[in-house]
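For the sequence shown, our numbering gives the first residue as 432, with consecutive numbering after it.
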Amino acid sequence: MGRKPNRDHVFVETDGQVYLVRDRGTLRFPRVGETLPFRTEPNGVMDFGDYRVLREKPLLDHHPDEWFGRDAIFERSDVDPLVKRAIYTTMIRCVSEVILSKGPRALMVKAVRGFSKGYWNVPGGFMDYGESPEVGVEREAEEEIGVDIVLDGLLNVYVSGFPGKPAYTLGFVYKGHLDSEAFRLKPDEIEDAAWFTVDKALTLTRNPFAKWALVDFFLQSNEARAALEVKRHGLAPHASGSNSPTVFLDRDGVINRGRPGYVRTPDQFQFL
Numbered sequence: 432m433g434r435k436p437n438r439d440h441v442f443v444e445t446d447g448q449v450y451l452v453r454d455r456g457t458l459r460f461p462r463v464g465e466t467l468p469f470r471t472e473p474n475g476v477m478d479f480g481d482y483r484v485l486r487e488k489p490l491l492d493h494h495p496d497e498w499f500g501r502d503a504i505f506e507r508s509d510v511d512p513l514v515k516r517a518i519y520t521t522m523i524r525c526v527s528e529v530i531l532s533k534g535p536r537a538l539m540v541k542a543v544r545g546f547s548k549g550y551w552n553v554p555g556g557f558m559d560y561g562e563s564p565e566v567g568v569e570r571e572a573e574e575e576i577g578v579d580i581v582l583d584g585l586l587n588v589y590v591s592g593f594p595g596k597p598a599y600t601l602g603f604v605y606k607g608h609l610d611s612e613a614f615r616l617k618p619d620e621i622e623d624a625a626w627f628t629v630d631k632a633l634t635l636t637r638n639p640f641a642k643w644a645l646v647d648f649f650l651q652s653n654e655a656r657a658a659l660e661v662k663r664h665g666l667a668p669h670a671s672g673s674n675s676p677t678v679f680l681d682r683d684g685v686i687n688r689g690r691p692g693y694v695r696t697p698d699q700f701q702f703l
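What follows is the structure, given as structure tokens:
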């Protein structure tokens, strides 16, 4: 069954200015098929189920001061709710997490609620208003496991979609360690904490940031690499085996179950 007529809308934005049309007293997005007074180029698609929003970048030779500032739109009562929803969705969510290592192993926590409910994850979570990534991950990790952590630097920064939603998230992941393992787990959030080597940890988490960070930790840690045999893509048939655990890694940890939002295509896989 096809999409209903006029369910496709055009979201044109540049430098924080949004192009809207007034329709019977309401400011709304232009609809597909309506003529725009400027040229555009595609800039992504946002699918809200009954509605689809096509993001377009305008090709202008000036800054459109006469358009509507995105931050001021939320204060107005004459704006179509779809406009507010789409703009809100484009706001980046920021999380801050940490790979706490002990030799070749990383600390994982098992969640009792939220996106990772029933799965293992690395300590961390969403940043609070006004927090730096470092402060955010220290707070989140210490809330979850009940002990102070020591940060050893930034591991990497990742961008991912959020499964099942058109939003996306920016993830800061740090390296760190513990001076104490006298854990006091936050009971309404964490049910267990344990140490795992990278091969095991990758099979236990559904968090894309955790997967990518575990791969980067593996690449940077001599101890982690020494604990595992790396199975290279296309290994020759006559190659000898090993008594060590075997890990198959790509940029997603080869734990790609087809969840929408952050799935990478084969040409993006990075085999070790």
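All C-beta atoms, glycine included, are put in the ideal place defined by N, C-alpha and C.
{"Check": "DSSP bridge partner residues for Asp623 (one or two, in chain order)", "Outcome": "Lys541"}
{"Check": "CA nearest to the CA of Pro489, picked from Gln651, Phe442 and Leu458", "Outcome": "Phe442"}
{"Check": "Contact set for Pro495: own chain, Cβ-Cβ below 6 angstroms, skip 5 residues either direction", "Outcome": "Gln448"}
{"Check": "Which of helix, strand or coil DSSP assigns to Arg516", "Outcome": "helix"}
{"Check": "Supposed contact pair Phe648 and Leu586 - C-beta distance, whole angstroms, cut 8 angstroms", "Outcome": "7 angstroms"}
{"Check": "Span separating the alpha-carbon of Val553 from that of Asp619", "Outcome": "17 angstroms"}
{"Check": "For Phe557 and Tyr605, the rounded distance between their alpha carbons", "Outcome": "14 angstroms"}
{"Check": "Same chain only: Cβ atoms within 7 angstroms of Thr471, ignoring 5 sequence neighbours per side", "Outcome": "Val443, Glu487, Lys488, Pro489 and Leu490"}
{"Check": "Short Cβ contact (8 angstroms threshold) for Ile580 with Glu573", "Outcome": "yes"}
{"Check": "Residues that DSSP places opposite Trp551 in a beta bridge", "Outcome": "Lys541"}
{"Check": "Inter-residue spacing [alpha-carbon to alpha-carbon] between Val629 and Leu485", "Outcome": "39 angstroms"}
{"Check": "Cβ pair count under 8 angstroms reaching 3, the region 493-510 against the region 531-543", "Outcome": "no"}
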